[in-house]
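Please read the structure below before turning to the comments.
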Amino acid sequence: MFYDHKTIEQKWQQYWQENETFKSQQPSTNQQQPKYYVLDMFPYPSGAGLHVGHPLGYIASDIYSRYKRHQGFNVLHPIGYDSFGLPAEQYAIQTGQHPAITTEQNINRYEEQLRKIGFSFDWSRELRTSDSSYYKWTQWIFIQLFHSWYNNTSNKAESIETLVQHFEQYGTENLNAAQTEALSFTAEEWQNASEEDKQDILLNYRLAFRAETTVNWCPALGTVLANDEVKDGKSERGGYPVYQKKMMQWSMRITAYSERLLQGLDKLDWSDAVKDSQRNWIGKSVGALVKFNVLGSKFDDTNNQQPTTNNQIEVFTTRPDTIFGVSFLTLAPEHELVAKITTPEQKAEVDAYVEATSKRSERERMADVKNITGVFTGAYAEHPLTKEPIPIWIGDYVLAGYGTGAVMAVPAGDERDYAFAKHFGLPIKNIFNQDISENAFSEKEGFVLENSDFLDGLDYKEATEKIVAKLEELEVGKAKINYRQRDAIFSRQRYWGEPVPIYYKDGLPYTLPVSALPLELPEVEKYLPTEDGDPPLGNAKNYAWDSEKEAVVSTDLIDNKTIFPLELSTMPGWAGSSWYFLRYMDSENEDFFVDKNLVDYWGQVDLYIGGSEHATGHLLYSRFWNMFLCDRGFIYHQEPFQKMINQGMILGVSAFVFRVNGTNQLVSKNLSKDYDTQKIPVDISLIQGNDELDIEGLRAWRTEFKDAEFILEDGKYICEREVEKMSKSKYNVVNPDDICEEYGADCLRLYEMFLGPLEQSKPWNTQGLSGVYGFLKKFYNLYFDGDTFSVSEEEPTKEEYKVLHTLIKKVVYDIEHFSFNTSVSSFMIAVNELQKLKCNKRAILEPLAVIISPYAPHICEELWQLLGHSTSIEYVKFPELNEAYLVEDEIEYPVSFNGKMKFKMKLPAELSPQEIEKIALADDRVKAQLGENSPKKIIVVPKKIINIVS
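Position one of the sequence shown corresponds to residue 1 (full-length UniProt numbering), numbered consecutively onward.
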């Protein structure tokens, strides 16, 4: 029978859509069906659409979703789009087309492709972060964060009102809070403070707060960029220069959750690689905070500089036991004290260095360990214990946002400090404060502690405790736990993002009333910053807040009495994606972001599949927001994603031609070594079998090749092939639409799983599809006799049952262990065996269709209907394993003579070794092998082998 994949797949995709086959059921009081929540990481709908690498994780999650439905679970498997973002905005700047229009077009394209592959998404719950009905609740969460603080004593976020109550009764006495800087005041001082002062103080504690922060500023794009949007000092989008700049920004106090984010990892079923990435990002360190007073610039009568308490450098160190080895301090070029302490003689050099450093991203500076650069400020600090003057330098290997932005340099114990000291001729001291500049750098753990009056005979731990105790006694230091993680910058100077629901009164931020949400994006004439340098929202004509009418009004009406300016920044891309998994539970609720009863039912995401590139961005922010919402009692669970799998990549096989430099000649691969050439990627659609280039196709592809001269080998042009990430710029992208058209979605799904283990990356090879397509045709034809559908009601044989139940056992194990590739192999083996047995029994073929349906749903739906069923195969119970069918009735024994196998003998499985030996000796073939000889020994390994020694 002809397997018409096009007709079959269109038919069932239409059926699923019309019947909402995959719609999840909300729980009722009468029925509490067990749930299972399967989620894919939020896709961003780019204009390029999907390539064959994108569906890999979706196919895996879809197989598991369908399998759980067969097991009787109420499966929530939703889909939506992370639809705010810089690419749509940049396209709007270039074309003048509103981002909402292109985003809608891109989403429609994505949905068309996703439906064509047959995913069992609950489309009724579709979300888009750019819909105001969704970002209303993103804004609501921001408001809750603004009106919350972190109580370190209760170890959770609380309403800001509880903090105000504490201030009213005690001031800052006995307050243990996450804060930007340490403040101290009495209850009376708080009560007598003005409203403006109170609001300013509260900003020091809010979980959403404004502060001056060093950011990646891209003037050409007019916006702040995240670290992962910057590469080699330039914006990933457009390649524009990026500078380090201090700006007043909205931030999220994620640092308050650092310890909980660390501890929570132990309870999650995630890969060690992702957990380690998060642990390293959070970067917990145990050590001490040490204070160095900056020495004054004037000299007293004894010609000694005096310390000043006005300027103090705080340093965090994990090795306080090395404090006597400090020979200089290094500040980050952005450190706030640099401008204050630099001497007039050093100012020009310091300013030039600071300017140069601003053009390098933090990633570059962290990675660059070879180039040693720095400048002396001309200032000195007083050593807190020895009271000796220590030179203060700046160096770009120190980052303002890490720790305190300053390090105490111990060249004798730190390799980078040692290289810096040697490069600039600075002294190198051991921990006894003895100059050892001529000696080599020592990496010995804990240093040598003998012969020190202060540290005599102490080990590393004891020395650390004694040093910290001395620092605390002198009030120049204290024990401290530090985290590398910094508070997350939240504002972006962009248009296409969630508006921040804040207005400004007397220069201080106030939240809009919840009743006024959503604060919608206004229309603007252009998507670029204003002439005054304000973000694009500054171009809006109607974007001011009328506090009396509680409405957005014209900016011309701002009087700073009742009508106030609104925040012009928008939220970052990660805002909407930090809680979308909750909204899926209750996507149409207009009264609250999610019903608590539904949160109680759906709980955590049971299976989350997505790329490992989100390990320290999306996953950390999602965990942070989830913990916060749990603290405030809005949801019940601390962690959002219980089990997570990172799928590997499907790699493309790029094609390259070789152009002789300075000419328009293209030389074939194996001749290119004789020329000075440039390797140029070309579209893989131009490549024929054996890597041969379609020369005329290349001429037509791009004008630069129209008149090219080709240097051939054996009359052909052979291209270089290289396996790498699929990318439009490499012209190695394969469109899944083309695959679905030629081979079908079921074939695409099976092939992507067949390529290899889910977590591993693997190269795409379109030629491999034909084998999988052949399997589908063979599977389909099991149910036909020629062109006639033919299924027998006869009882299957034991051998047929064995094939079926062997497959059930294997597939159940594979799916539950996410070994989808081996399941596909098992399907092929089972279908081949059933074909050999000429099996057409309903009792075999019905469960076979159910088993294969999670992987190839269209063909199985068609066969299920042909088998006489009027409802979808989707909710049919998964076949149960009966081990009795796997018990062997007969064993095929290899019979060996002196270790060499001669033939095989089938014997009943229940025979004893003595019975096997007796039957073997009576066999004519054994007699023929022995001849006149008697066997010296017969070795019988039950169910394995018979070996006769003659």
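All C-beta atoms, glycine included, are put in the ideal place defined by N, C-alpha and C.
Taking the beta strand (DSSP E) that V682 falls in, what are its first and last residues? Residues T677 to V682.
What is the DSSP secondary structure of K904, reduced to helix, strand or coil? Annotated three-state conformation of K904 is strand, per DSSP.
Just to confirm my understanding: we take L804, look at its own chain, exclude 5 residues before and 5 after, and list those with CB closer than 7 Å. What are they? The residues are I844, P847 and L848.
Return the Cβ separation of K514 and I143 in integer angstroms, given the expectation that the two are a contact with Cβ distance under 8 Å. Looking at the sequence provided, one finds Val at residue 514 rather than Lys. Contact flag correct, Cβ pair sits at about 7 Å.
Can you give me the C-alpha to C-alpha distance between L471 and N482, rounded to a whole angstrom? Whole-angstrom Cα-Cα distance: 17 Å.
G378 and P344 - do their beta-carbons sit closer together than 9 Å? The criterion of a C-beta distance shorter than 9 Å is satisfied by P344 and G378.
Just to confirm the assignment, what range does the beta strand (DSSP E) spanning Q244 have? Counting along the chain, the beta strand (DSSP E) containing Q244 begins and ends at Y243 to M252.
Skipping 5 residues on each side, what residues in its chain have a beta carbon closer than 7 Å to that of L262? Spatial neighbours of L262 in its own chain (CB-CB distance under 7 Å, excluding positions within 5 residues in sequence) are listed in chain order as R279, I282 and K284.
Mind pulling the beta strand (DSSP E) runs of 3 or more residues that sit fully within the UniProt domain "Aminoacyl-tRNA synthetase class Ia" (11 to 147)? The UniProt domain "Aminoacyl-tRNA synthetase class Ia" (11 to 147) contains these whole beta strand (DSSP E) runs: 35 to 40, 74 to 76, 78 to 81 and 122 to 128.
Checking 9 Å against the spacing of the C-beta atoms, do P87 and E752 come in under that value? P87 places its beta carbon 9 Å or farther from that of E752.
Alpha carbon to alpha carbon, what distance is there between A339 and I372? Each residue's alpha carbon lies about 22 Å from the other.
Considering Cα atoms alone, identify which of S271, Q914, K836 and G96 is closest to L941. Looking at the sequence provided, one finds Val at residue 941 rather than Leu. Closest by alpha carbon: Q914.
Compute the distance between the beta-carbons of K478 and A288, then report whether it is under 9 Å. Yes. Within cutoff.
May I ask which residues mark the beginning and end of the beta strand (DSSP E) holding W764? Where W764 is concerned, there is no enclosing beta strand (DSSP E), given that its DSSP letter is neither H nor E.
What does the Cβ neighbour count give for N539, buried or exposed, with the cut at 16 atoms within 10 Å? Burial call: buried.
Note down the Cα distance separating P518 from S587, rounded to an integer number of angstroms. CA-to-CA, the gap between P518 and S587 works out to about 16 Å.
With 16 other CB atoms within 10 Å as the buried threshold, where does E741 fall? Around the CB of E741, fewer than 16 other CB atoms lie within 10 Å, so the residue is classed as exposed.
I need the DSSP call for V941, collapsed to helix, strand or coil. Looking at V941 - three-state DSSP - the assignment turns out to be strand.
Checking 9 Å against the spacing of the C-beta atoms, do F897 and S950 come in under that value? Taking a C-beta distance under 9 Å as the contact criterion, F897 and S950 qualify as a contact pair.
Whole-number beta carbon distance between A60 and F775, since they are thought to touch under 8 Å: About 19 Å separates the two Cβ atoms, so there is no contact after all.
L566 - partner residues in DSSP beta bridges: Bridge partners of L566: Y503.
In the DSSP output, which residue or residues are listed as bridge partners for C218? Answer by DSSP bridge pairing, in chain order: T223.
Give the DSSP-derived three-state secondary structure of D785 in the structure shown. D785 sits in a strand when the DSSP states are folded into three classes.
Give the secondary structure of P913 by DSSP, where H, G and I count as helix, E and B as strand, and everything else as coil. Note: P913 maps to helix in three-state DSSP.
For N735 and S790, which I take to be in contact (beta-carbon distance under 8 Å), what is that distance rounded to the nearest angstrom? Rounded to the nearest angstrom, the Cβ distance from N735 to S790 is 38 Å, too far for a contact under 8 Å.
Find out if the Cβ-Cβ distance for the pair Y36, D787 is shorter than 9 Å. Annotated as distal: Y36 and D787, with beta-carbon spacing of 9 Å or more.
At the level of alpha carbons, what is the spacing between S442 and G413? Note that S442 scores a pLDDT of 47, beneath 50, so its modelled location is shaky; the value from the coordinates is reported in the next line. Going by C-alpha positions, S442 is about 6 Å away from G413.
Would P41 be called buried (16 or more neighbouring beta carbons within 10 Å of its own) or exposed? Per the sequence shown, residue 41 should be read as Met rather than Pro. Looking at its Cβ environment, which holds 16 or more other Cβ atoms inside 10 Å, M41 is buried.
Sequence-distant residues of its chain with Cβ nearer than 6 Å to P894 (five each side left out): Cβ within range, chain order: M901, K904 and I945.
What residues are listed by DSSP as bridge partners for N155? Residue pairing for N155: DSSP places it in no beta bridge.
Cα separation between G497 and P411? Straight across, the Cα-Cα distance linking G497 with P411 is about 47 Å.
How big is the Cα-Cα spacing for S46 and Q249? Cα to Cα, the separation comes out at about 28 Å.
S668 and Y717 look like a contact to me (Cβ under 8 Å); what is the Cβ gap, rounded to whole Å? Indeed they touch by this definition, with Cβ atoms about 5 Å apart.
Looking only at its own chain, which residues have a Cβ that is under 8 Å from the Cβ of N304, when we skip the five neighbours before and after it? With a pLDDT of 46 at N304, under the threshold of 50, the predicted position of this residue should be treated as unreliable, and no value is reported.
Starting from E692, follow its DSSP beta bridges and name the residues at the other end. Answer by DSSP bridge pairing, in chain order: I718.
Between Q26, E722 and G53, which lies nearest to V733 when the distance is taken from Cα to Cα? Comparing Cα-Cα distances from V733 to each of Q26, E722 and G53, the minimum goes to G53.
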